[in-house]
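Asker:
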Amino acid sequence: MSGLKLNPAIAKETSNGQVQCLVCNTQVKPKVWLAHLNGRKHKECVENLKKSLNAPKRTGKRPEEEAPPSKRLREEEDFAAANSSSVIPSDFFDDERLNIQTPWQKAQQEERDVGKDLKGVIEGVPQGFFDDKRKDNMVRDTLEKNAQMDEEYDKLMREVNEQATEEEMKADEEEEREYIMRDIENMDQQMNELKRLNDMEIRKEEILKQRKEKKKRLEPDSDEDDIGDFDFDDWRAKKIL
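In this text, residue positions in the sequence shown follow this note's numbering: the first is 1, and each later residue adds one.
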């Protein structure tokens, strides 16, 4: 029980070395007393006790069995005196001075305090390592080299990304150029086909024109030949003329 302070209003030490909770009417070991205070069962008992104190008192006696006023007053005074030592004040748990912590909460707080003390210490490096100037310079040189390597690596990655982007742009331009050249070739082919068709149309017109001219030249010659072959003497002989 050394180091454990008990509030006589809610707890007392028993003869067997344990702590008796006057609120829950139960005994616990001293090392778990703080955990019991913060436990759900203890808090429920405190709430129930507050409600019972605030609730109006009722008796199960019938009117004819009720005690005289003087006796009932003495009983209420005795009840209040008996409970004055075991009742928790209404603002007991609101007192900021009572900073109750369970063992596991205390351990967590100690870990946080240790973490604050070790803030800024490199993980894996023993505390006090940097008290040696030679080792401190070695670590600083290593950190500076690592930072320089990281910077060079970032620069290299940027250059690689820029080169990859440039190559991708060149590939896109080359592909677009190929599309344009194919379109130009198709257009040239279509133009050649149209020119060939046009030449054929012109040739056709020329042939037709030549045929017409030849036909015109041949028709008059045919009439003269017929007249030339006509025998006038024969017609005279027949007295046609």
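By construction, the Cβ of each residue, glycine as well, lies at the ideal position given by its N, Cα and C atoms.
1) Comparing alpha-carbon positions, which option in I10, W33, A9, V160 lies nearest G17?
2) Should L37 and V19 be called a contact, given that it needs their Cβ atoms to be closer than 8 Å?
3) Looking at the unbroken alpha helix (DSSP H) that takes in V46, where does it start and where does it end?
4) Report the rounded CA-to-CA distance for M245 versus L208, giving the unit in angstroms.
5) Would you mind reading off the limits of the alpha helix (DSSP H) that contains A11?
6) Quick one: Cα of A55 to Cα of A9, how far?
7) Quick one: is A11 buried, meaning 16 or more other Cβ sit within 10 Å of its Cβ, or exposed?
8) Taking just the CA atoms, how far does Q27 sit from S15?
9) Can you tell me whether N83 is buried or exposed? The criterion is at least 16 other CB atoms within 10 Å of its CB, across all chains shown.
10) Mapping the DSSP letters down to three states, classify Q109 as helix, strand or coil.
11) Nearest by alpha-carbon distance to R40: which of K31, E174, Q163, V23 is it?
12) Please list, in chain order, all residues of the same chain as R158 whose beta carbon is under 7 Å from its beta carbon, the five residues on each side excluded.
13) Give me, in chain order, the residues of the same chain whose beta-carbon lies closer than 6 Å to that of C21; leave out the 5 immediate sequence neighbours on both sides.
14) Starting from L37, trace the alpha helix (DSSP H) in both directions and tell me its first and last residue.
15) DSSP state of Q210, grouped into three classes?
16) Alpha carbon to alpha carbon, how far is E201 from D188? Give it in angstroms, no decimals.
17) Do L49 and P30 come within 8 Å of each other at the CB atom, strictly closer than that value?
18) Per DSSP, what are the beta-bridge partners of Q20 in this structure?
19) Roughly how many whole angstroms lie between the Cα atoms of Q243 and M169?
20) Between V87 and H42, what straight-line distance do the alpha-carbon atoms span, to the nearest angstrom?
21) Measure the C-alpha to C-alpha separation of M149 and M138 and round it to an integer number of angstroms.
22) Rounded to whole angstroms, what is the Cα-Cα separation between E205 and Q190?
Answerer: According to the data block:
1) One-based indexing of the sequence shown puts residue 17 at position 17. If we check each option's Cα against that of G17, W33 comes out closest.
2) The residue given as residue 37 occupies position 37 in the sequence shown. The residue given as residue 19 occupies position 19 in the sequence shown. Not closer than 8 Å, so no.
3) As a working mapping, residue 46 is identified with position 46 in the sequence shown. Segment 40-54, the alpha helix (DSSP H) holding V46.
4) This structure cannot settle anything about residue 245, because the visible part of the chain is limited to 1 through 241.
5) Taking the first residue of the sequence shown as 1, we reach residue 11 at position 11. Where A11 is concerned, there is no enclosing alpha helix (DSSP H), although the beta strand (DSSP E) it sits in stretches over 11-13.
6) Here residue 55 corresponds to residue number 55 of the sequence shown, with the count starting at 1. Here residue 9 corresponds to residue number 9 of the sequence shown, with the count starting at 1. Those two C-alpha atoms are separated by around 21 Å.
7) For the purposes of this step, residue 11 is identified with residue 11 of the sequence shown, where counting begins at 1. Under this definition A11 is a buried residue.
8) In the sequence shown, residue 15 corresponds to position 15, counting from 1. In the sequence shown, residue 27 corresponds to position 27, counting from 1. Using only the alpha carbons, I get a separation of about 11 Å.
9) As a position in the sequence shown, residue 83 is number 83, starting the count at 1. Confidence at N83 is low in this model, with a pLDDT of 47, below 50, so the placement of that residue should be treated as unreliable; the coordinate-derived value is given next. That one is exposed.
10) By 1-based counting over the sequence shown, the position of residue 109 is 109. Q109 falls in the helix class under three-state DSSP.
11) For the purposes of this step, residue 40 is taken as the residue at position 40 of the sequence shown. It is V23 whose Cα lies nearest to the Cα of R40.
12) As a working note, residue 158 is residue 158 in the sequence shown. So the list is empty, once near-sequence residues are dropped.
13) As a working note, residue 21 is residue 21 in the sequence shown. Excluding positions up to five away in sequence, the list reads A11.
14) As a first step, residue 37 is located in the sequence shown; it is residue number 37 there, counting from the start. L37 -> alpha helix (DSSP H) spans 33-37.
15) As a first step, residue 210 is located in the sequence shown; it is residue number 210 there, counting from the start. Three-state result, Q210: helix.
16) Position 188 of the sequence shown, counting from 1, holds the residue named residue 188. Position 201 of the sequence shown, counting from 1, holds the residue named residue 201. Taking the straight line from one Cα to the other gives about 20 Å.
17) Counted from its first residue, the sequence shown places residue 30 at position 30. Counted from its first residue, the sequence shown places residue 49 at position 49. No; because the gap between Cβ atoms is not below 8 Å, this pair is not in contact.
18) As a first step, residue 20 must be located in the sequence shown, where it is residue number 20. The beta-bridge partner set that DSSP reports for Q20 consists of K12, Q27.
19) Residue 243 lies beyond the residue range present for the chain, which begins at 1 and ends at 241; the question has no answer from this structure.
20) Working through the sequence shown from its first residue, we reach residue 87 at position 87. Working through the sequence shown from its first residue, we reach residue 42 at position 42. Caution is warranted here: a pLDDT of 47 is assigned to V87, below 50, making its placement in the model unreliable, and the coordinate value is therefore given only provisionally. Cα to Cα, the separation comes out at about 13 Å.
21) On the sequence shown, position 149 is the one that residue 149 refers to. On the sequence shown, position 138 is the one that residue 138 refers to. So the alpha carbons of these two residues sit roughly 16 Å apart.
22) Translated into positions along the sequence shown, residue 205 becomes position 205. Translated into positions along the sequence shown, residue 190 becomes position 190. Just so you know, the alpha carbons of E205 and Q190 end up roughly 23 Å apart.
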